[in-house]
Amino acid sequence: MVHFVGAGSGAADLITLRGKNLLEKADVVIYAGSLVNPQLLDYVRKDCKIYNSAKMTLEEVLKVMLQAEAEGKMTVRLHTGDPCLYGAIREQMDVLDEKGIGYDYCPGVSSFCGAASALNLEYTLPEVSQSVIITRMAGRTPVPEKESIEAFAAHHATMVIFLSTGMLGELSRRLMEGGYEPDTPAAIVYKATWEDEKSFLCTVETLARTAEENKITKTALIIIGDVVVHHSYGRSKLYDPAFTTEFRESTVEE
């Protein structure tokens, strides 16, 4: 059996209980060494075989999985954050399907959740933003033309941008071309929930300068939108005393 496990956003204690239990039982662990906190390997057994996929190709990763399966061993494929976001898990699962090998997927705390915790912000403030767009700039991995930064920026929703720290000048330009004002609030969160986490408030226009001044070149998320600065917002109806729900009657007389 192969278990795809989300390692969480950084801090070793942010892995789920299920994920930790799977690590403790694993015979083989293949972890994304460029991003996964190595402290998580403290949870594995001493006789567990550990492989760092940062130094491996897809074919080499699959070879380890197939060999472990042939030997009746349990494998944990440990991905950063939640594997469903930029985790490249589908290409692994497709081969396992072809080989008739069973697998499952244990979700994790995504770094976009970790970034929110670093700033104590809510992405979906009533009357400010009720949608979160998660995307990335095109690099060596292309982005479909219909999902351009400009197209998404036109919505003025909250945006969380992965894998784009080295292209912030271009990102700023494209965000403004898409409709964001230059002074739209923004934030750069470096290594969310890690011990060396850093966060910087800025604007769409000053993203590149802020990163340069603070020597941030990688491993950061970019957040765009009024929610970054706790913009004035509407109160939640769910907890409004004048609002009746399935569980509580209104306490305000009409």
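Read left to right, the sequence shown gives residues 13 to 266 (this note's numbering).
Note that beta-carbon positions come from the ideal geometry of N, C-alpha and C, so glycine has one too.
What first and last residue would you give for the beta strand (DSSP E) that runs through residue i?
{"i": "T233", "result": "Reading off the sequence, residue 233 comes out as Leu, not Thr. First-last of the beta strand (DSSP E) with L233: 232 to 236."}
{"i": "K75", "result": "No beta strand (DSSP E) contains K75, which is instead part of the alpha helix (DSSP H) from 70 to 82."}
{"i": "V216", "result": "Where V216 is concerned, there is no enclosing beta strand (DSSP E), given that its DSSP letter is neither H nor E."}
{"i": "I200", "result": "197 to 202"}
{"i": "C118", "result": "115 to 118"}
{"i": "V41", "result": "40 to 43"}
Would DSSP call residue i helix, strand or coil?
{"i": "M171", "result": "strand"}
{"i": "T87", "result": "strand"}
{"i": "V14", "result": "strand"}
{"i": "G20", "result": "strand"}
{"i": "I27", "result": "coil"}
{"i": "F259", "result": "coil"}
{"i": "K210", "result": "strand"}
Suppose the cutoff is 7 angstroms on Cβ atoms and the five residues either side in sequence are ignored; what does the same chain contact list for residue i look like?
{"i": "F124", "result": "I146, V172, L233"}
{"i": "G181", "result": "A220"}
For the alpha helix (DSSP H) holding residue i, just list the boundary residues, first then last.
{"i": "D106", "result": "102 to 111"}
{"i": "C125", "result": "123 to 131"}
{"i": "R148", "result": "Premise fails: R148 lies in the beta strand (DSSP E), 144 to 148, not in any alpha helix (DSSP H)."}
{"i": "I62", "result": "From DSSP, I62 is part of no alpha helix (DSSP H) but of the beta strand (DSSP E) over 61 to 64."}
{"i": "I161", "result": "161 to 165"}
{"i": "R186", "result": "180 to 190"}
If contacts are defined as beta-carbon pairs under 8 angstroms, then residue i and residue j qualify, I think. What distance do you get, rounded to the angstrom?
{"i": "T177", "j": "K230", "result": "5 angstroms"}
{"i": "T205", "j": "A23", "result": "4 angstroms"}
{"i": "I235", "j": "C214", "result": "Not quite, the Cβ-Cβ distance comes to about 10 angstroms (not below 8 angstroms), so this is no contact."}
{"i": "R15", "j": "T87", "result": "Arg is not the amino acid found at residue 15; the sequence shown has His there. Sure, about 7 angstroms apart at Cβ, within 8 angstroms."}
{"i": "D59", "j": "S141", "result": "Between S141 and D59 the Cβ distance is about 49 angstroms, and since that is not below 8 angstroms, they are no contact."}
Tell me which residues share the same chain as residue i and place their Cβ nearer than 6 angstroms to its Cβ, disregarding the 5 neighbours each side in the sequence.
{"i": "T92", "result": "A19, A44, L47, V48"}
{"i": "V121", "result": "G20, S21, L26"}
{"i": "A195", "result": "A quick correction: the sequence has Asp, not Ala, at residue 195. Cβ within range, chain order: T215."}
{"i": "K210", "result": "Y202"}
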